[in-house]
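Each remark here refers to the structure printed beneath this line.
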Amino acid sequence: MRTLLMADIHGNFAALRAILSTPEAQSCGRVISLGDQVNFGPESRKVVETLRSLGATMLMGNHEERLLHPDDFSGYNWAMLRVTARQLSGISLADLPVDVRIGSALLTHGTPGDPYHLVYPPDLPEVLKALPEDVSLLISGHNHLCWDVTSGHRRAFNPGSAGLNETGTGARAMFAIWDGDELTPCSASYDVTENARAYLSGGFAQEAPEMSRMCLQEMETGQYQGVLRLIRHVKHVAEGMGLTIADREAWLAADAAAPWREPISTADFWARKEKEA
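Heads up: the sequence shown at position 39 corresponds to 39 in the numbering used here, and the numbers run straight through without jumps.
Here's what the structure looks like:
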């Protein structure tokens, strides 16, 4: 069956809507989302509700798995996840499968059995080698880059991130069409300004301003691992202050030298976005 493949939508409803509007997506009889449907973006509830309305198969990503343990994210570094959890109130994600088998294909978020395991293209030959004998195709997400790698008689495919594309091209939602042996990468453009407004109206810009700013920056630019770079920067600043990344003071101190595209404070950034909205 001709299948729409998406991964790492990350609460970016504007990106999802753009994908679903394409002729390629509308020609599909099945929809599969490879995990991380939620968080980072400002409209996780809309994403999940839309996917469910389509009868989509949704896999368990590390962000869904993390939401199952609310007692573990009390620090300031988890502020965005707390807002996402409130937004998803009444929606259970606990029953999402970690892996799905379709014929000789195995679909997962990170690697089989582990939605947290982040791999890169050089790792794929070993990952493919470890698959069960009857698996010839591994389809996964988690890493926000698209790939199509063959090693031996096995193939690994990643459609790229629908919601947080990190290929260097901003405002592009990555997806793929799976039809028989053919896996075709595709992309769709979308309006990032919708997400800026949603971060403001949804409470993200107020409760998790730094993370929201970096996620928006990634959406606008396609910057590679911008969120990870920000977290590493804050950790470095926190260690110098005798604090941890869970302390809000560390984030405030790190703001001035954070890897922002524009040299203004995060408070000024969101004040400007509010005026523009």
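By construction, the Cβ of each residue, glycine as well, lies at the ideal position given by its N, Cα and C atoms.
Look at N143 here: in three-state DSSP terms it is coil, with no helix or strand label.
From the listed residues R154, P115, E274 and Y116, the smallest Cα separation to F204 is found for E274.
Using a 10 angstroms sphere on the CB of R52, the tally of other CB atoms stays under 16, which defines it as exposed. The beta carbon of S136 sits closer than 8 Å to the beta carbons of S104, A105, H153, R154 and R155 from its chain, once the five residues preceding and following it are set aside; these are given in chain order. For T167, the secondary structure class from DSSP, reduced to helix, strand or coil, is coil. With the rule of 3 Cβ pairs closer than 8 Å, the stretch 216–224 does not count as touching the stretch 232–239. If you ignore the 5 residues before and after P209, its C-beta comes within less than 6 Å of the C-beta of T266 and W270, all in its own chain and listed in chain order. I9 carries a coil assignment under DSSP once its states are collapsed to helix, strand and coil. With the rule of 3 Cβ pairs closer than 8 Å, the stretch 121–133 does not count as touching the stretch 75–94. By the criterion of at least three beta-carbon pairs nearer than 8 Å, the stretch 157–177 is in contact with the stretch 13–21. Counting other Cβ atoms within 10 Å of its Cβ, Q26 stays below 16 and is therefore classed as exposed.
Cβ atoms of I32 and L107 come within 8 Å of each other, at about 7 Å. Residues V38, S44, R45, V48 and L67 of the same chain have their beta carbon placed closer than 8 Å to that of L88, with the five preceding and five following residues left out of the count. DSSP places N39 in the coil class of the three-state scheme, outside both helix and strand.
Taking C-beta separations shorter than 6 Å and ignoring five residues to either side along the sequence, the partners of M211 in its chain run M80, following chain order. Between G11 and N62 a beta carbon distance of about 14 Å is seen, past the 8 Å cut, so the two are scored as non-contacting. When the five nearest sequence neighbours on each side are left out, the beta carbons in the same chain lying within less than 7 Å of the beta carbon of Y76 are those of A246, D247, R248 and W251, in order along the chain. The straight-line gap separating the alpha-carbon atoms of A198 and H69 is approximately 25 Å.
One Cα belongs to T57, the other to L145, and the distance between them is close to 21 Å. Taking the C-beta atoms as reference points, L34 is found no nearer than 9 Å to L183. According to the DSSP assignment, V47 belongs to the alpha helix (DSSP H) that extends over S44 to S53.
Counting only runs of 4 or more residues that sit fully inside the stretch 220–265, the alpha helix (DSSP H) segments are 226–241 and 248–254, in chain order.
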